[in-house]
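Quick note on numbering: the sequence shown equals residues 279 to 833 in the numbering used here. Beta carbons: idealized from backbone N, C-alpha and C, even for Gly.
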Amino acid sequence: MEKGKKEIKTRIYVPSKKNIAHVARLLREGEVAAIPTETVYGLAADAWNDAAVRRIFEIKGRPQDNPLIVHISHISQMTQFVMSVSPLAKALAKRFWPGPLTIVQRKSDRFCTCVTAGLDTVAIRMPSHPVARAIISASGTALAAPSANLSGKPSPTTVQHVYEDLNGKVRAIVDGGKCEVGVESTVVAVDADSITVLRPGGITVEQLKEVCPNVKIAKGVLEHLDERERVLSPGMKYKHYAPKTPVVILDGDLTQFSEYVEKQSRLGRVGAMVFDGETGSLAVPCVSYGVKEDGLSEAAGLFRALRAADELGVSRVYARMPAKDGVGFAVYNRLLRAAAFHVVDLDAPHKPFVVGLTGQTGAGKSTVSAYFAKAHYVVIDCDRLARTAVEKGAPALAAIAEEFGSQVLHSDGSLNRAALGRLVFSDKQALKRLNEIELPYIVELIQAKLSLAAEEGARFVLLDAPTLFESGADRLCDTVVCVTAEESVRLARIKARDGITDEDAKNRLNAQQPEEFYLQKSAYRIVNNGSEEALRQEFDKIMQSLDALRREKDA
Ligand code: TXA
Ligand code: MG
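And the structure:
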């Protein structure tokens with residue numbers, strides 16, 4: 279907010295001659311104003327007025343080391359800002375201006391405002407939007423303007439987006455309609471005989487090659503840059519264009535996409551960002567962002583869709599992979615950033631090393647599981663998933679009620695665990711039937727959780743599952759470890775843990791598979807009779823074997 283907490287009244291102006299002259303005057307007097315361009319809306323101020331430019335950084339919450347673009351309305355203005363205009367820069371300007379190309383060159387010593395954030399270069403572009411050009415021209419100066427979003431939000435492509443972000447923060451927003459291009463300008467650096475794309479955008483690599491065949495793509499356009507890495511374009515460092523909801527790109531066809539999304543939707547509310555005409559094929563909340571394989575259309579719809587994704591009320595959004603050629607390359611670059619580089623190849627999804635952990639109840643799996651967590655394993659608690667599987671309204675619960683009758687439900691329709699427990703822990707047949715009904719649902723949830731861990735780049739996963747073998751989830755594992763303990767130890771543990779009688783506890787132990795069952799099917803065994811030190815030693819030994827196994831698998 280303003281100094282002295284003064285609330286600013288924001289007005290939206292239609293681009294009449296009179297309004298353009300008025301806003302241009304405000305800008306000349308040191309105000310900031312949001313203006314349309316053909317790419318995205320910009321938050322403009324007089325490039326020569328240091329105080330005004332500082333306000334842009336303040337309003338956006340923009341990091342101080344991220345420089346702004348200088349917008350000009352005539353090519354001759356360029357010489358005021360740069361040391362000298364190289365022949366290649368001149369050729370690019372001639373070919374693509376006015377239009378969505380920004381050219382970075384050595385800056386002139388005369389130009390020293392915070393526009394350049396302390397760099398010795400300056401980025402310049404001449405927009406083609408008639409309203410932008412009219413405002414720049416009427417202001418009699420050049421305008422520094424980043425995109426008119428709050429830092430970290432998707433760039434605004436409509437006047438409503440600008441208003442959402444800047445209401446109460448700026449006096450004037452000029453309505454120029456929907457931005458035609460929809461993604462920001464292409465930013466290039468030039469030297470004697472090559473062009474480096476620092477940020478892909480409205481002018482494509484193919485178009486640049488028409489002027490100079492030697493076009494390089496800067497590191498950081500398609501890969502995540504390390505914090506400490508030197509970047510050519512500071513903007514690349516920041517997690518741009520991100521909605522609040524995590525985004526994951528799925529690379530595959532529509533059938534694979536909808537199967538994957540459907541599977542993940544069983545874990546929680548997920549949404550999808552798809553192509554026009556595809557929303558009908560998915561059973562989750564959707565937004566669409568353009569026509570499939572049409573980069574121009576996807577560019578025009580991308581930022582609106584990213585903003586809309588936050589309104590879906592979901593915990594995760596899966597996006598279709600955009601076209602990667604032409605302007606699609608810019609769409610791909612923005613979406614990669616929105617997804618924090620999380621991409622799943624649906625033909626060959628990344629598979630973490632998966633260890634199954636099982637054993638009789640009371641054997642002390644949880645303690646061992648905590649050891650794995652400390653050793654950087656992502657732990658999937660299958661007991662918890664088993665509870666999710668029978669939550670009120672879940673398909674597994676309906677199936678169970680059908681088999682065992684409404685006595686296993688509370689009056690509100692949720693599961694009466696105690697009642698079901700009494701039925702199955704004293705009757706092996708009943709327990710078997712329960713497992714047959716419930717386990718397939720649980721395995722689906724386990725698979726979804728595994729995919730989720732893979733999406734997040736997990737390298738090691740532990741499936742902590744009492745019924746690992748019964749469910750068949752052992753088939754999802756690279757190897758299996760079982761935990762065993764003497765019967766008296768297990769009995770004491772479950773009585774203390776669950777607060778049940780001696781008899782109930784014994785019933786539970788009797789309903790379980792014998793120890794040999796686990797030993798026969800597991801590759802490793804850990805004995806946990808209660809001594810921390812002994813357990814630690816066994817665990818360390820097994821970890822060495824698991825590491826060796828993983829390396830073998832990776833090789
Ligand atoms: O289409 C656009 O370029 C829009 C409209 C409003 O013109 N503007 C825009 O500005 O996208 P902004 O500030 O959101 O992005 C400017 C990008 C940033 O990635 C910044 O790091 C880079 O340009 N940049 C600016 N000056 C630079 C310089 N001297 N060297 C390298 N990169 C620079
Ligand atoms: Mg921006």
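Runs of the beta strand (DSSP E) spanning 3 or more residues and lying entirely within the segment 708–752 occur at 738–742, in chain order. Beta-bridge pairing by DSSP links methionine 551 to Val565 and Ala597. Proximity to lysine 831 across Phe738, Asp782, Ala743 and Ala812 peaks at Phe738, based on C-alpha coordinates. Annotated three-state conformation of glutamine 383 is strand, per DSSP. Non-local C-beta neighbours of alanine 395 in its own chain, meaning closer than 7 Å and more than five positions away in sequence, comprise Gln342, Asp343, Asn344, Pro345 and Pro512, ordered along the chain. Shown here, phenylalanine 631 sits in a strand according to DSSP, grouped into three states. If you check the C-beta of leucine 428 against the ligand TXA, you find no heavy atom less than 7 Å away. Minimum Cα-Cα distance from alanine 751 among the listed residues Ala664, Val483, Ala423 and Ala626 corresponds to Ala664. Per DSSP, aspartate 818 is one residue of the alpha helix (DSSP H) stretching across 810–832. Put simply, the backbone Cα of alanine 697 is about 55 Å away from that of glutamine 438. No heavy atom of the ligand TXA is found nearer than 7 Å to the CB of glycine 498. In the three-state DSSP reduction, arginine 662 falls in the helix class (H, G or I). Between proline 600 and serine 463, the C-beta gap is not smaller than 8 Å, which leaves the two residues out of contact. Secondary structure at tyrosine 796: helix, using DSSP grouped into helix, strand and coil.
Under the three-state reduction of DSSP output, valine 759 falls in the strand class. Looking from the CA of lysine 670, the closest CA among Glu748, Gly691 and Asn785 belongs to Gly691. In this structure, the straight-line span from the alpha carbon of glutamine 485 to that of valine 569 is close to 22 Å. For the pair of segments examined, the segment 310–326 was found to touch the segment 458–478: the number of CB pairs separated by less than 8 Å reaches three. Taking 7 Å as the cut-off, one finds at least one heavy atom of the ligand MG near enough to the beta carbon of glutamate 462. Each of Phe359, Cys660, Val475 and Ile413 was checked against the Cα of isoleucine 402, and the nearest Cα belongs to Phe359.
Cβ contact annotation for glutamate 716 (same chain, cutoff 6 Å, sequence separation greater than five): Ala674, in chain order. Serine 425 sits in a strand when the DSSP states are folded into three classes. Annotation: phenylalanine 795 to arginine 803 spans about 12 Å, alpha carbon to alpha carbon. Sequence-distant partners of glutamate 816 (beyond 5 residues in either direction) whose C-beta falls short of 6 Å from its own C-beta, in its chain, are Ile804. Taking a 10 Å sphere around the C-beta of histidine 620, we find 16 or more other C-beta atoms and assign the residue as buried.
Taking the C-beta atoms as reference points, proline 521 is found nearer than 8 Å to arginine 585. Per DSSP, reduced to three states, the secondary structure at alanine 672 is coil, with no helix or strand assignment.
Under the three-state reduction of DSSP, glycine 339 is assigned to coil, being neither helix nor strand. The segment 632–640 makes contact with the segment 782–796, as at least three CB pairs between them are under 8 Å.
Annotation for valine 465: the continuous beta strand (DSSP E) segment containing it runs 464–468. Judged by DSSP in its simplified three-state form, arginine 700 adopts helix. DSSP places arginine 289 in the uninterrupted beta strand (DSSP E) bounded by 289–291. Under the DSSP assignment, leucine 500 falls outside any alpha helix (DSSP H); it carries neither an H nor an E label. Relative to the non-hydrogen atoms of the ligand MG, the Cβ of proline 345 never comes closer than 7 Å to any of them. Less than 8 Å divides the Cβ of valine 605 from the Cβ of glycine 573.
Glycine 320 has its CB nearer than 7 Å to a heavy atom of the ligand TXA.
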